[in-house]
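Enquirer: The numbering of the sequence shown is our numbering, which starts it at 33 and goes up by one.
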Amino acid sequence: MKHRPAWLIFCAALMSPAALGQHLHFENIEWRERLTDHFALRSKSTNHEPARRYAEKVWDECVRIMPGLTADFEKNEFRTPRGSKGADEAPYRFTVYLVGTGDLYTQLLVKQKERSGWDDTRLRMCRITRNYADPQNRYYVLCKADPENSGGGGERDLTPVFVHGTASTILEGYGLSGNMPFFITAGWGYYVEHRLFELCRVHYLDFEKYYKDNDAEIQRGAVLDHQESWTTPLKKMCKKGERITLDTVCNAEILTLTPNKSGYLFALTYFLVSNEERIANYRKLLGHARDGASITKDLILKTYGYEDDAALEKDWYEFMESRDFR
Numbered sequence: 033m034k035h036r037p038a039w040l041i042f043c044a045a046l047m048s049p050a051a052l053g054q055h056l057h058f059e060n061i062e063w064r065e066r067l068t069d070h071f072a073l074r075s076k077s078t079n080h081e082p083a084r085r086y087a088e089k090v091w092d093e094c095v096r097i098m099p100g101l102t103a104d105f106e107k108n109e110f111r112t113p114r115g116s117k118g119a120d121e122a123p124y125r126f127t128v129y130l131v132g133t134g135d136l137y138t139q140l141l142v143k144q145k146e147r148s149g150w151d152d153t154r155l156r157m158c159r160i161t162r163n164y165a166d167p168q169n170r171y172y173v174l175c176k177a178d179p180e181n182s183g184g185g186g187e188r189d190l191t192p193v194f195v196h197g198t199a200s201t202i203l204e205g206y207g208l209s210g211n212m213p214f215f216i217t218a219g220w221g222y223y224v225e226h227r228l229f230e231l232c233r234v235h236y237l238d239f240e241k242y243y244k245d246n247d248a249e250i251q252r253g254a255v256l257d258h259q260e261s262w263t264t265p266l267k268k269m270c271k272k273g274e275r276i277t278l279d280t281v282c283n284a285e286i287l288t289l290t291p292n293k294s295g296y297l298f299a300l301t302y303f304l305v306s307n308e309e310r311i312a313n314y315r316k317l318l319g320h321a322r323d324g325a326s327i328t329k330d331l332i333l334k335t336y337g338y339e340d341d342a343a344l345e346k347d348w349y350e351f352m353e354s355r356d357f358r
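As structure tokens, then:
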């Protein structure tokens, strides 16, 4: 397999925030701000890419499935898990911070640690991945430079990370939740990546290392990677009976992920929004979350009208083997 990097997850000067109604989440830092219809893009020591190019495309995918986002943003009805507004006045915009030096990224992480009570392990992970989401779902931070280089340099293309992470955070914000289950947020991030690029490039583990450590036979089109669409290998796995159960997907955790489990996270979300009837049920599912319910396997079964796991799995696997899964 040819080695190319895959991402491990895990303008004018800034105008007055009072005039815009947008909050300054990091005070005493001067940003260059660029506004889109639904985003405030703030950069320092770098440009606004990839957010400038892809922010509204992420929005289009999110609002297609979650039309209630329109009121959350345009009427400032968005609320954090603590019940706070996202902006002082309408419209609310999701904020993206694009950082061009390791020193500034360190400053933001220190502020985030003080604000959210993060431990040193969480901070180290954020330095490795170069990105993190606001626990209150209001913004996303990306460090385009090498975090270990205080003066900048070593910029990387964070397009996959931006798309996956921003989509996941918007979904979690729409659910008014600070603890949306991993299989829901990661699955949605993968789905939006696939919609925009027909690729899933944000990996929560090192796929190549996993295959090597497990002596897996690497055949093009038969394993999951960052270079080709996941639908083809997943279709082959499903037809061969190499299936991941609904219960396993709904209980997925980062520390126990495998490439195949990652693929089935994506495949489940794709199935849940694969036609108009299922999209309507997905909206009901998120509506339950907005009302305070936790999204669980049992809630999915109830919302989609299935009696048990086997009934949903039958339709899910048939979808994966069909031409619609592409």
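Where a beta carbon is used, it is the ideal one built from N, C-alpha and C, also for glycine.
If the criterion is Cβ atoms closer than 8 Å, does the pair N221 and G197 meet it?
Expert: Before going on, a small fix: residue 221 reads as Gly here, not Asn. A contact, by the Cβ cut-off of 8 Å.
Enquirer: Taking only the alpha-carbon atoms, compute the straight-line gap between S77 and V131 and give it to the nearest angstrom.
Expert: Approximately 7 Å between the Cα atoms of the pair.
Enquirer: Go to T301, then tell me how far its alpha helix (DSSP H) extends in each direction, as first and last residue.
Expert: Its alpha helix (DSSP H) spans residues 291 to 304.
Enquirer: Which same chain residues end up closer than 8 Å to M212 when comparing Cβ atoms and leaving out the 5 residues on each side of it in sequence?
Expert: Here the set comprises L203, E204, A321, I327.
Enquirer: What is the rounded straight-line gap between the Cα of R358 and the Cα of K117?
Expert: If I take the Cα positions, the gap works out to 39 Å.
Enquirer: Leaving out five residues on either side along the sequence, give the residues of the same chain with a beta carbon under 6 Å from the beta carbon of N169.
Expert: Contacts found: T201, E204, G205.
Enquirer: Taking all protein chains shown into account, do 16 or more other C-beta atoms lie within 10 angstroms of the C-beta of P291, making it buried, or fewer, making it exposed?
Expert: Answer is buried; the Cβ neighbour count reaches 16.
Enquirer: Mind reading off the beta-carbon distance from L190 to N163? Whole number of angstroms is fine, and I expect it under 8 Å.
Expert: About 7 Å separates the two Cβ atoms, so the contact holds.
Enquirer: Look at the Cβ atom of Y314, then the Cβ atom of I97, and state whether they are nearer than 8 Å.
Expert: Result yes, Cβ atoms of Y314 and I97 sit closer than 8 Å.
Enquirer: Measuring only the C-alpha atoms, how far is G183 from A177?
Expert: In a straight line, the C-alpha of G183 is about 9 Å away from that of A177.
Enquirer: Looking at the secondary structure, which residues open and close the alpha helix (DSSP H) in which Y314 lies?
Expert: Segment 308 to 322, the alpha helix (DSSP H) holding Y314.
Enquirer: Once the 5 residues before and after L331 are set aside, which same chain residues still bring their CB inside 8 Å of it?
Expert: Contacts found: L317, H320, A325.
Enquirer: Per DSSP, F71 is paired with what?
Expert: For F71, which the question treats as bridged, DSSP gives the partners F126.
Enquirer: Across the stretch 336 to 352 and the stretch 260 to 279, are there enough close Cβ pairs to call them in contact, namely three or more that are closer than 8 Å?
Expert: At 8 Å Cβ cutoff, the stretches touch.
Enquirer: Check whether the Cβ atoms of R85 and F105 sit closer than 8 Å, and answer yes or no.
Expert: Result no, Cβ atoms of R85 and F105 do not sit closer than 8 Å.
Enquirer: Is it buried or exposed for G115, if we count other Cβ within 10 angstroms and need 16 for buried?
Expert: Exposed is the call here.
Enquirer: Which ranges does the beta strand (DSSP E) cover as unbroken runs of at least 3 residues, wholly within the stretch 55 to 101, from first to last along the chain?
Expert: 64 to 67, 71 to 76, all fully within the stretch 55 to 101.
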